[in-house]
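Notes to accompany the following structure.
Written out as structure tokens, the structure is:
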């Protein structure tokens, strides 16, 4: 029974909320693991996730084809809930993925050791080794689009509470089915925000079937490992603009990767996504004679780019960087 109290929500609206919340049993929910930098598993290069916007997986992951548009997803990092949303679309593509395994037993259950040497340990046979075995596999990739209904969940539900929402609480799967009615009630108990939970449920029920978008994507082999190495070496810093969240940084080749197909050592810098695009077009370059950024005049009407003109590069450049940047200057600027 709805208590008769004076609130900002009228009595009729409260009744509507209760009715809507009681009629959404058809909603499918998933608990999805998103570890980011806390990832220990080293069987692959991981996934390019941005929790509040998109979540990626491929056909090597169990339950990969069961997730659909309109499903509710709860992302967590094993310790707590990150957030909840509804899948608006799923982009499907093809890519080549680098898989890593133990050189002794061939299993992929390997972990990267933080301080000890050798750097890797096999979880199956216990073998210690400096470099894993590599294999390239063609995979089907999936990426959810879910930013519209994102609800931040930090501090709301613990890892143990989230496990209890699943049919198999002890499951180790990174994508596991969850009971929507349990998740819904847990969110209500934790937040008291019935209207927010109602919006999520309504969006899930009204999602248009067949929301998968197929696209042909040529994914660069080893690109994730290349980006991960740059993050380790350079930190969360855009080489041209300064400190930037990792989610907004891309691994920019200082040469044409399409022509060489190789990830040259010290042949890349981390750049903010918009800066990366403008760099590739030759609209922003590095004048090594002065050690400063050069921005083409047509961008000077945009303050965020105009202020970069004449500014020094935000990271320490190695000799190899300078060679590539000089070639970029000579090759791109005449055509900018």
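In the working numbering, the protein residues as written are 148 to 483.
Note that CB positions come from ideal geometry on N, CA and C, so glycine has one too.
Would you mind reading off the limits of the alpha helix (DSSP H) that contains residue 234? Unbroken run through residue 234: none, as it is neither H nor E.
Please determine whether the Cβ atom of residue 263 lies at a distance below 7 Å from any heavy atom of the ligand ADP. Summarising the ligand content, the structure contains no ligands, and the ligand ADP is consequently not present.
Through-space distance from residue 227 to residue 464, alpha-carbon basis: 39 Å
For residue 345, does the three-state DSSP call read helix, strand or coil? helix
Residue 325 and residue 212 - do their beta-carbons sit closer together than 8 Å? no
Looking at the structure shown, is residue 242 part of a helix, part of a strand, or coil, going by DSSP? strand
How far does the beta strand (DSSP E) with residue 273 in it extend, from its first residue to its last? From DSSP, residue 273 is part of no beta strand (DSSP E); its letter is neither H nor E.
Quick one: using the 10 Å Cβ neighbour count with 16 as the cut-off for buried, is residue 466 buried or exposed? exposed
Nonlocal neighbours in the same chain, by C-beta distance under 6 Å from residue 389, ignoring five residues either side: Within the same chain, 461 come within 6 Å of residue 389 by CB-CB distance, once the 5 residues on both sides are set aside.
Across the stretch 236-246 and the stretch 332-345, are there enough close Cβ pairs to call them in contact, namely three or more that are closer than 8 Å? Of all C-beta pairs linking the stretch 236-246 to the stretch 332-345, fewer than three are shorter than 8 Å, placing the two stretches out of contact.
Give a yes or no on whether 8 Å exceeds the smallest Cβ distance from residue 328 to chain D. No chain D is present in this structure, which holds just one protein chain.
According to DSSP, what are the bridge partners of residue 287? As DSSP reads the structure, residue 287 sits in a beta bridge with 241.
Run of the beta strand (DSSP E) containing residue 201, from where it starts to where it stops: 201-205
Quick one: residues in its chain with C-beta nearer than 7 Å to the C-beta of residue 297, no 5 flanking neighbours on either side, listed in chain order? 199, 230, 232
Quick one: what's residue 259 bridged to in DSSP? 267
Residue 433: which of 468, 283, 204 sits nearest, CA to CA? Nearest C-alpha to residue 433: 468.
Identify which residue in 437, 252, 448, 351 has its Cα closest to the Cα of residue 473. 437
Spell out the partners DSSP gives residue 227 in its beta bridges. 305
Start and end of the beta strand (DSSP E) containing residue 450? Here residue 450 belongs to no beta strand (DSSP E); instead the alpha helix (DSSP H) covers 450-453.
Environment of residue 291 [buried if 16+ CB atoms lie within 10 Å]: So residue 291 ends up on the buried side.
Whose C-alpha, out of 430, 300, 295, is nearest the C-alpha of residue 178? 300
Given that a residue counts as buried once 16 or more other Cβ atoms are within 10 Å of its Cβ, and exposed if not, what is residue 447? Answer is exposed; the Cβ neighbour count stays below 16.
Looking at residue 377 and residue 312, is the spacing between their C-beta atoms short of 8 Å? no
So, for residue 284: in the same chain, excluding its five sequence neighbours on each side, which residues have a beta-carbon less than 6 Å away from its beta-carbon? 244, 246
Could you say which of 302, 250, 309, 225 lies nearest to residue 282 if we only look at CA atoms? 250
Exposure of residue 449, with buried meaning 16 or more beta-carbon neighbours within 10 Å: exposed
State the beta-bridge partners of residue 439 as determined by DSSP. 434, 459
As assigned by DSSP and simplified to three states, the class of residue 250: coil
Alpha carbon of residue 294 to alpha carbon of residue 397, nearest angstrom: Taking the straight line from one Cα to the other gives about 20 Å.
If you draw a straight line from the alpha carbon of residue 302 to that of residue 262, how long is it in whole angstroms? 30 Å
I need the DSSP call for residue 383, collapsed to helix, strand or coil. coil
For the alpha helix (DSSP H) that contains residue 177, what are its first and last residues? Residue 177 -> not in any alpha helix (DSSP H); beta strand (DSSP E) instead, spanning 176-180.
Thinking C-beta only, is residue 208 closer than 8 Å to residue 242? no
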